[in-house]
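**Q**
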Amino acid sequence: MPSKYKTPDAIARRRQQSRNNQRRYRQETRSYLQSLQSDVQALLHSTFRLEGQVDMMRQTVQRRFANDVARVGAYWRLFMCGYVAAPDQDAALRDLMADDVELREATGIDALFDQWRQYAGAFAFFRKELRSIEAVALDSDEHLVCVVGTVSLGLSDAAVATLWPHLHNTPDSRIRRRLADQTLTCPCTQLLYMRPSGDASAKVRRIEFEWDIAAGLATLLTDLDDVATVLHDRHQVFP
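Now the structure itself:
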């Protein structure tokens, strides 16, 4: 019968085998880490190259549509404090917009003028501030100008009643009183989809406007339950 005790030679062989296994494991680990490092460097190189290409494409697009970006920027500045029926406002609007421009709930440049008149009458204070503006190419015939900014509305009691008529019902009248005579400031994004027209300048064919009214209400009310109450069944307004 073999001895239950390991001989010195067997112990030496086992130790050598263990050392060999450890060396092989360390070598495999080093090789794996080197492979990972090589992959990371390749990815970084590709990322830098692609970012450079994206920057070049963005700059090319901005140069291509620089005139339209400038026209939209001028439109925002002219209407920064709302519509006062000034001749330069009328001229800028008709120069920029197509006659059949599509709004969210209406169509036509006359509807857009009516919308601006409603804003002028609805709010005690109106202000739009431009933060960033850029052009985005969509296809060979269409591009959009994306404007990011803020919109501020002076909330008279009548404005609150127009925007959120359900707040006049008890017990929500408490929230109505808190909103009245306040200025609601919200982040907003406007997308103006443009296509070439018969003349040299492109025209806005469609307007989309989104504003983060929840963020503005949260600043005024601080209580998220009150914000949810206001937003429930609200009327839509698109400055």
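By full-length UniProt numbering, the letter at position 198 of the sequence shown is numbered 198, and the numbering carries on one by one without gaps.
Idealized CB from N, CA, C, for every residue including glycine.
If you're wondering where the values come from, they're calculated on a predicted model, not measured in any experiment.
1. Specify, as a first and last residue, the run of the alpha helix (DSSP H) that R176 falls within.
2. Determine the DSSP secondary structure at E142, reduced to helix, strand or coil.
3. Quick one: residues in its chain with C-beta nearer than 7 angstroms to the C-beta of Q16, no 5 flanking neighbours on either side, listed in chain order?
4. May I ask you to report which of helix, strand or coil DSSP gives W211?
5. Nearest CA to the CA of A120: which residue from I133, A86, A12, D225?
6. Excluding the 5 residues flanking H232 on each side, which residues of the same chain have their C-beta closer than 8 angstroms to its C-beta?
7. Of the choices T183, V204, W76, Q115, whose alpha-carbon is the least far from that of A215?
8. Measuring straight from C-alpha to C-alpha, what distance separates R49 and M56?
9. Does the stretch 185–200 come close enough to the stretch 222–232 to have 3 or more Cβ pairs within less than 8 angstroms?
10. Using C-beta distances below 6 angstroms, list every residue in its chain close to residue 240, excluding the 5 sequence neighbours before and after it, in chain order.
11. At what residues does the alpha helix (DSSP H) containing T229 begin and finish?
12. To the nearest angstrom, how far is it from the Cα of P239 to the Cα of G108?
13. How should G82 be labelled, buried or exposed, when 16 other C-beta atoms within 10 angstroms of its C-beta is the threshold for buried?
14. E105 by DSSP, collapsed to three states: which one?
**A** The short version:
1. Along the sequence shown, read from residue 1 onward, the residue named residue 176 stands at position 176. 173–179 is the span of the alpha helix (DSSP H), which, as asked, contains R176.
2. One-based indexing of the sequence shown puts residue 142 at position 142. E142: coil per DSSP, three-state reduction.
3. Taking the sequence shown and counting its residues from 1, the one referred to as residue 16 is at position 16. Excluding positions up to five away in sequence, the list is empty.
4. Here residue 211 refers to the residue found at position 211 when the sequence shown is read from its first residue. Note: W211 maps to strand in three-state DSSP.
5. As a first step, residue 120 is located in the sequence shown; it is residue number 120 there, counting from the start. Of the candidates I133, A86, A12, D225, the one whose C-alpha sits nearest the C-alpha of A120 is A86.
6. Numbered from 1 along the sequence shown, position 232 holds the residue referred to as residue 232. Answer for H232: H166, listed in chain order.
7. By one-based count along the sequence shown, residue 215 stands at place 215. Looking at the Cα atoms, T183 is the closest of the given residues.
8. In the sequence shown, residue 49 corresponds to position 49, counting from 1. In the sequence shown, residue 56 corresponds to position 56, counting from 1. Pairing R49 with M56, the inter-Cα distance amounts to about 11 angstroms.
9. The stretch 185–200 is not in contact with the stretch 222–232.
10. The structure shown does not extend to residue 240, since the chain is modelled only from 1 through 239, so no value can be given for it.
11. Position 229 of the sequence shown holds residue 229. That run of the alpha helix (DSSP H) goes 224–231.
12. Numbered from its first residue, the sequence shown carries residue 239 at position 239. Numbered from its first residue, the sequence shown carries residue 108 at position 108. The predicted position of P239 is uncertain, since its pLDDT is 48 and thus under 50; a value taken from the coordinates is nonetheless stated next. If you draw a straight line from the Cα of P239 to the Cα of G108, it comes to about 16 angstroms.
13. Counted from its first residue, the sequence shown places residue 82 at position 82. By the neighbour-count rule (16 or more Cβ atoms within 10 Å), G82 is buried.
14. By one-based count along the sequence shown, residue 105 stands at place 105. When DSSP states are grouped into helix, strand and coil, E105 belongs to the coil group.
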